[in-house]
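Read the structure below first, then the notes.
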Amino acid sequence: MLFAFPWFIGFSLFIAYPLLASIYYSFCSYDVLTPPKWVGLNNFITLFIEDDLFWKSLYNTVYFIAVSLPIGIGIGIAIALLLNLNVKGMPVYRTVFYLPVIIPLVVSSILWIWILNPHYGLINALLDMVGVVGPGWLTDPKWSKPALILMRWWGMGNMILIYLASIQDIPRQLYEAAELDGATFWHKFSNITIPMISPAIFYNLVIGLIISFQYFTEPFIMTNGTPVNSTLFYSLYLYRNSFCYFKMGYASAMAWLLFVLIFACTLFVFKSSAKWVYYRGKLE
Amino acid sequence: MRRIKEASWRKRKKRRRLTHRVISHVFLLMGSILFILPFVWMVSTSLKPDAQIFVFPPIWIPHPVMWENYLRAVNFIPFFTYLKNTLYVCIMNVIGVVISSSLVAYAFSRIKWHGRDVLFIVLLSTLMVPYQVTMIPLFIVFSKIGWVGTFKPLWVRAFFGIPLYIFLLRQFFMGIPVELSAAAKIDGASELDIFAKIILPLSKPALAVVALFSFIRTWHDFLGPLIYLNDEAKYTLSLGLQQFHTEHTTEWALLMATSTCVTIPVIVLFFLAQRTFIEGITLTGVKG
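Set out below in structure tokens:
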């Protein structure tokens, strides 16, 4: 038990204390310089009733998740299926799809600002080759979120890897039996592959939700909320309140709301998983 | 007659397999090109003379190739100071994580004590707490003890066990046969002996995964340095690069050259430790 001692200290100092302190702060007005002043539920009331930017940032975050996650899961499975084929040079292909994950987020953010440049960027150059005039991407409030989503899809190598591992675990006999019964590709895909990898889909969905709610570095570096607050995401607005305006109490209230939101969504996905996730090891 | 039919059927199947193979290669190639193109774009821009950057349609192969951009980039910002700072924080994190997380993981897997399993669930549930919640109180504490502006807030935590790595190591330690510890105990070995002389040497692959993940995580970290470092001489590469971008938004050649320099070490590390990487990801199903 003595061996676990470092974690006890770590837990109380870096988790338990901050958790409690931030509950307390969320009911205070606190600018770091003067001691916290108790204001009751004021922070929450202001957030819900007066703060349009709070709702805007919440909307942006939900939009981002609702578009990027489901389509991302689809693309991820498609790529994992491709990477599971038995063709030459597969290790190279797999590495290529994984590579975007290992480069630092600051680098990929700056790189994508340049890629998305409306006049001289890579994407609009590619679009031009097929005769399409590309949009303004990060400078256009209609296209700024799709631009960030595009970038998010580029960096989903982890998701792909988890699907791939799961696909490789599917017993071959299932496919062989289905083929004897004359199943088409689509039958095999929807009746064998999808149910068999549903635990991986579930895992990626939960992790994706948690990560996306905390989406910060890319919008902070790439747009810092512009144009017209179209990329002001929840965590970015929280960061501004705490480290630009020094409204620590207000930001703590936001942080706790975020925690509750993430927790509720995760719980909902967990509850629903009984209906659509199939575990091979589960006892009937 | 029958034999002929079978032969033609086989031929058809063979041809179908060939077309399948071609189609899959085409898809894989197209996808790979889309995924690799940003990297090509980065390196290509980093080697361009300024006059060839703002051109449409873009020039892919710079002419002449400006290798000196790299020299200019590392002198434009104090690249090597940033590198030194980053390495310092990374190494402190790796040391802390390897020592403390393995110790704690040992307590949670190889020693029985009252309340262990309950506390382990507590440990796992802390994985769910978003950093935004703890960020503010921690910042206030660190600023009160005067650590803001130093590297300490960026590595101190590692010495008190990081839940994710404790979890990962615990899973690995659980797989080591109990008999090994039991035999050592009969010979009079203490728990510390068993930990240092039996468990740790046997866990080198898992320790390598943990060290690698925490190194790369720290190398990538942006928010930590952003909040805690305010003196330019103390910046890490991530923060330094971002500052460079805010101050010189259009210096694309130099920005891309610096970006390439920041990326190369992790890519080299990735290729050297590719097996460790894959092992780690399948060991936890969690990203590093």
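Protein chains in written order, with the working numbering: chain A, 1 to 284; chain B, 1 to 288.
Quick reminder that beta carbons are idealized off the backbone N, C-alpha and C, glycines included.
Contact between the stretch 207-218 of chain B and the stretch 92-109 of chain B is present, with at least three C-beta pairs closer than 8 Å. One finds Met1, Leu2, Phe3, Ala4, Phe5, Trp7 in chain A with Cβ atoms closer than 9 Å to the Cβ of Ala107(B), taken in chain order. Spanning the alpha carbons of Ala165(A) and Trp276(A) requires a straight line of approximately 20 Å. When secondary structure is reduced to three states using DSSP, Lys152(B) falls in the helix class. Taken atom to atom, the span from the alpha-carbon of Met135(B) to that of Asp221(B) is near 14 Å. When the five nearest sequence neighbours on each side are left out, the beta carbons in the same chain lying within less than 8 Å of the beta carbon of Ile192(A) are those of Ile170, Leu174, Tyr175, Ala178, in order along the chain. Ile167(A) sits close to Ile197(A), with the two beta carbons spaced by under 8 Å.
Rounded to the nearest angstrom, the Cβ distance from Leu138(A) to Ile103(A) is 19 Å, too far for a contact under 8 Å. In this structure, DSSP gives Lys11(B) a helical state, which the three-state scheme calls helix.
The criterion of a C-beta distance shorter than 8 Å is satisfied by Trp155(B) and Met92(B). Comparing alpha carbon positions, the residue from Leu180(A), Pro18(A), Phe216(A), Met156(A) closest to Gly76(A) is Met156(A). The beta carbon of Asp50(B) sits closer than 8 Å to those of Ala253, all from its chain and outside the five residues before and after it, given in chain order. Bridge pairing for Trp38(A): Cys28(A) [DSSP]. If only complete runs of 4 or more residues are kept, the stretch 69-139 of chain B shows the alpha helix (DSSP H) at 79-96, 102-109, 116-125, in order along the chain. Counted as a single uninterrupted DSSP element, the alpha helix (DSSP H) harbouring Tyr237(A) occupies residues 234-239. With the criterion set as a beta carbon lying under 8 Å from some beta carbon of chain B, the members of the stretch 241-265 of chain A are Ser242, Phe243, Met248, Ala251, Ser252, Met254, Ala255, Trp256, Leu258, Phe259, Ile262, Phe263, in sequence order. For His119(A), the nearest CB of chain B lies under 8 Å from its own CB, placing it at the interface with that chain. For Glu251(B), no alpha helix (DSSP H) segment is defined, and its DSSP state is neither H nor E. By the criterion of a C-beta distance shorter than 6 Å, Ala158(B) is surrounded in its chain by Asn93, Gly96, Val97, once the five residues flanking it on both sides are discounted. Legend: CB atoms of the stretch 11-25 of chain B lying less than 7 Å from CB atoms of chain A belong to residues Arg21, Ser24, His25.
Here the alpha carbon of Ile53(B) sits roughly 16 Å from the alpha carbon of Leu126(A). Here Phe173(B) has Ala105, Tyr106, Ser109, Arg110, Ile199, Ser203 as same chain residues with Cβ atoms under 7 Å from its own Cβ, once five neighbours each way along the sequence are excluded. Shown here, Ala200(A) sits in a helix according to DSSP, grouped into three states. Counting only the Cα atoms, Arg152(A) lies some 26 Å from Ile59(B). For Phe195(B), the secondary structure class from DSSP, reduced to helix, strand or coil, is helix.
In this structure, Gly121(A) is the residue among Ile73(A), Cys28(A), Gly121(A), Asn86(A) with its C-alpha nearest to the C-alpha of Val40(B). In this structure, His25(B) and Val87(A) form a Cβ contact; the two beta carbons are roughly 6 Å apart against a cut-off of 8 Å. Put simply, the backbone Cα of Ala189(B) is about 24 Å away from that of Ala206(B).
If you look at Cys265(A), you'll find it in the alpha helix (DSSP H) that goes 248-276. Identification of residues in the stretch 23-37 of chain A having a C-beta nearer than 7 Å to some C-beta of chain B yields Tyr25, Val32, given in sequence order. For the stretch 21-75 of chain B, there is no continuous beta strand (DSSP E) assignment of 3+ residues that stays within its boundaries. Note on Lys48(B): 16 or more other CB atoms within 10 angstroms of its CB, so buried under the neighbour-count rule. Between the stretch 13-33 of chain A and the stretch 235-253 of chain A there are three or more C-beta pairs closer than 8 Å, enough to call the two in contact. Sequence-distant partners of Pro64(B) (beyond 5 residues in either direction) whose C-beta falls short of 8 Å from its own C-beta, in its chain, are Pro49. Judged by DSSP in its simplified three-state form, Asn60(A) adopts helix. With fewer than 16 other beta carbons inside 10 angstroms of its own, Ser190(A) counts as exposed.
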